[in-house]
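For reference, the structure is listed below as structure tokens.
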């Protein structure tokens, strides 16, 4: 890859370990309600409720807390919980989720390295600033990037081309000079490529990319080499 002028990074499961936090929160909810359910199945059911409710959150019909209450009310009802109290479950979930906050290894270091190499940096996330801003500020990542674009800040969420173009505009670069980095093949790679950017896929399991032309990293420490900044 030829040297880019800017790098745009996803947040959840690219810099921040959202999957681990979510599993911790869901495990706490399951224990509080005496639910015997496979953790992987619970994770997928929870994700389905998020997908169903996110449009209400993104349109402003619900705030982040209200969206959580609605999804846990629905999830607990679906699982046959004796007391599907979404408010109580939200408090349990958030306490465990927040307790397990952590970055993926190397996140601050790689941002510092990219900045030291003279690249402009942005975070582009498909979630609300109320939540994502807290994560970035807690770990000091907001001070390591030039722009943060949450779902409220763009005309449409990834993989809509307008999301990536908004990030490029915030960094004052053309799409051809920018690289999108993220864990979602659809939202961080395919969408970026279709919008005229290049992309690097973060595949934590080491799974190869569906498109052999897309660089893949399994750890953030390998990102500078994938961007052509240092020898691979």
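In this note's numbering, the protein residues as written are 117 to 348. Every residue, glycine too, gets a C-beta built ideally from N, C-alpha and C.
Should residue i go down as buried or exposed, given a rule of 16 or more other Cβ atoms within 10 Å for buried?
i: residue 330; result: buried
i: residue 202; result: buried
i: residue 234; result: exposed
i: residue 251; result: buried
i: residue 328; result: exposed
i: residue 141; result: buried
i: residue 152; result: exposed
i: residue 321; result: exposed
i: residue 147; result: exposed
i: residue 139; result: buried
Taking Cβ to Cβ, would you say residue i is nearer than 9 Å to residue j?
i: residue 316; j: residue 121; result: no
i: residue 220; j: residue 340; result: no
i: residue 345; j: residue 238; result: no
i: residue 310; j: residue 319; result: no
i: residue 227; j: residue 131; result: yes
i: residue 136; j: residue 225; result: no
i: residue 244; j: residue 174; result: yes
i: residue 129; j: residue 300; result: yes
i: residue 149; j: residue 197; result: yes
i: residue 292; j: residue 242; result: no
i: residue 145; j: residue 192; result: yes
How is residue i classed by DSSP in three states: helix, strand or coil?
i: residue 314; result: strand
i: residue 185; result: helix
i: residue 244; result: coil
i: residue 207; result: helix
i: residue 136; result: helix
i: residue 322; result: coil
i: residue 346; result: coil
i: residue 333; result: strand
i: residue 219; result: strand
i: residue 263; result: strand
i: residue 197; result: coil
Residue i bridges to which residues according to DSSP?
i: residue 124; result: 238 and 296
Three or more C-beta pairs closer than 8 Å, one from the segment 204–219 and one from the segment 184–195: is that the case here? With the cut-off at 8 Å, the segment 204–219 and the segment 184–195 touch.
Stretch-stretch touch, CB-based, cutoff 8 Å, three pairs: the segment 272–281 with the segment 293–303: Pairwise C-beta distances place the segment 272–281 in contact with the segment 293–303, as three or more of them are shorter than 8 Å.
On the three-pair Cβ rule with 8 Å, is the segment 150–166 touching the segment 257–276? Because the criterion of three Cβ pairs below 8 Å is not met, the segment 150–166 and the segment 257–276 do not touch.
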